[in-house]
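Chemist: The sequence shown runs 5 to 109 under the working numbering.
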Amino acid sequence: IEIEFYVDTDDRHLNVSLDTVVLPKFNYPSIVVTQLGLHHNYASLNPYKNGVELLGGKQYEITLKQKERRLLPAPYQTNCTDYMTMWKNRGGIGPLNPSVIFPFL
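1. Straight-line CA distance for P99 to H43?
2. Can you tell which of S34, W91, T85 and I66 has its C-alpha closest to the C-alpha of R74?
3. Thinking I35 and L59 are a contact (beta carbons under 8 Å), I'd like their distance in whole angstroms, please.
4. Just to confirm the assignment, what range does the beta strand (DSSP E) spanning Y64 have?
5. Strictly by DSSP, which residues pair up with E57?
6. In angstroms with no decimal places, state the Cα-to-Cα distance between T38 and T82.
7. Please report the distance separating the alpha-carbon of W91 from that of I97.
8. Which residues in the same chain have their Cβ closer than 7 Å to the Cβ of Y52, if we skip the five residues on either side of it in sequence?
The structure is reproduced here in structure tokens:
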């Protein structure tokens, strides 16, 4: 997956080099930024604490790679807890793993 992100803070849409400093057409009260946080489907995060700040007027290229780890349940050496089965047994209520309990603290 590739995400291209660009915010034009100068409001002029000029075709200039990214190294060229272009003063804003309007006087913004502060710098334009966006917070980006990536997470899997079963957890959430606070993008201000665990995310990345992307500055306006810059171009970013982000490449994502998906990695899956399959560990064996007990009695094997990895002795993993099957949080998904526990969650389904609770009727789909509650956290899926210990890291989801307090994501914003």
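Ideal Cβ positions, reconstructed from N, Cα and C, are used throughout, including at glycine. Quantities reported herein were computed from a predicted structural model and do not represent experimental measurements.
Modeler: For this structure:
1. 15 Å
2. T85
3. 7 Å
4. Q63 to T67
5. Q39
6. 39 Å
7. 6 Å
8. Q39
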